[in-house]
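See below for the structure under consideration.
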């Protein structure tokens, strides 16, 4: 058994300030004994697309350097929310990429968000993620968290609405599903917890969901995130929830034997009609 911590934060267009705040929050999580820590989607920057494209770079570059050093010093696993990744300097669009960092400071896994948020929200907000972000070309198989006894599957925010992605992660051995997010307040109020619990129940896996909260991005933008960073167990029970009022940490015990128990007591995964579906 170990403790996981899902960070909730409010990111701005100031990348340096965001990094400092992220390091403070993951430090608090480590101080509380967490061995797996997660940051939310777009933790490093919420602001004008041209700014984001300007500092986007490769995963092995400077954007994750401080977090990789932190993981080495504190001997923790970290899901580094999502960052703006650019494969090469001339790429027209960037990727919205989540990375898994090991206690040795190595990038142990990465996934590029494949479902992009191009939506006109009924509250008046308009989102066109695909204008600057390219969809990820492939799913990343579940990655083993050595020393913790589980495998984690990576996803990002809007992916949560596409259950087939999580079924494939489950098929690759995932015991935990990571969903760093920046859900809008409007959609989050109606759907966030319902979707997280559904993905946990369907796949009989823990769901690990760091989140953005409150007014994010530049002051002139009317952008509000739902918050409620949380951890859900394989039975669909919410173990920890940060609420929607401010930054914080949702921390909960993760027990690999609980996964086995749920899958034994209700063997739904064994009852799948793989010959038809």
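Numbering (the numbering used here), first residue to last: 15 to 291. Virtual Cβ for every residue (Gly too), placed ideally from N, Cα, C. Model, not experiment: these values are computed from the prediction.
The C-beta of residue 64 has fewer than 16 other C-beta atoms within 10 Å across all chains shown, which makes the residue exposed.
In the DSSP assignment, residue 192 forms a beta bridge with 168 and 222. Excluding the 5 residues flanking it on each side, residue 77 has same chain C-beta neighbours closer than 7 angstroms at 58, 71 and 97, in chain order. Two segments are said to touch when three or more pairs of C-beta atoms, one from each, lie closer than 8 angstroms; by this definition the stretch 243-254 touches the stretch 211-221. In this structure residue 161 does not touch residue 191 by the C-beta definition: roughly 20 angstroms separates them, more than the 8 angstroms allowed. One Cα belongs to residue 261, the other to residue 289, and the distance between them is close to 46 angstroms. About 5 angstroms separates the CB atoms of residue 51 and residue 92; that is less than 8 angstroms, so the two are in contact.
When DSSP states are grouped into helix, strand and coil, residue 84 belongs to the helix group. The C-beta distance from residue 147 to residue 121 rounds to 20 angstroms, too long to fall under 8 angstroms, and the pair is not in contact. Partner residues in the beta bridge of residue 17, as assigned by DSSP, are 48 and 267. In this structure, residue 44 sits away from residue 73, with a CB-CB distance that is not shorter than 8 angstroms. The distance from the Cβ of residue 48 to that of residue 18 is about 6 angstroms, consistent with a contact at the 8 angstroms cut-off.
A contact is defined here as three or more CB-CB pairs under 8 angstroms, and the stretch 149-164 fails this definition with respect to the stretch 196-213.
The DSSP-derived three-state label of residue 75 is coil. In this structure, residue 137 sits away from residue 165, with a CB-CB distance that is not shorter than 8 angstroms.
Of all alpha-carbon atoms in 29, 23 and 56, the one lying nearest the alpha-carbon of residue 42 is that of 23.
Taking C-beta separations shorter than 8 angstroms and ignoring five residues to either side along the sequence, the partners of residue 236 in its chain run 138 and 139, following chain order.
The C-beta distance from residue 210 to residue 182 rounds to 18 angstroms, too long to fall under 8 angstroms, and the pair is not in contact. The beta carbon of residue 32 sits closer than 7 angstroms to those of 25, 26, 57, 58 and 59, all from its chain and outside the five residues before and after it, given in chain order. Residue environment: residue 29 is assigned as buried (16 or more neighbouring CB atoms within 10 Å of its CB, all protein chains considered).
Residue pairing by DSSP puts residue 23 in a beta bridge opposite 226. In this structure, DSSP gives residue 187 a state outside helix and strand, which the three-state scheme calls coil. Under the DSSP assignment, residue 202 falls in the alpha helix (DSSP H) whose first and last residues are 199-217.
Distance between residue 230 and residue 106, taken at the CA atoms: about 25 angstroms.
Approximately 19 angstroms separates the beta-carbon atoms of residue 126 and residue 177; this is outside 8 angstroms, ruling out the contact. Note: residue 256 is not bridge-paired with any residue in the DSSP secondary-structure output.
Distances from the alpha-carbon of residue 252 to those of 239, 240, 259 and 267 put 267 closest. Comparing alpha-carbon positions, the option among 84, 87, 88 and 151 lying closest to residue 111 turns out to be 151. A distance below 6 angstroms between beta-carbons, with the five flanking residues on each side excluded, links residue 128 to the following residues of its chain, in chain order: 149 and 150.
In the structure shown, the three-state DSSP call for residue 137 is coil.
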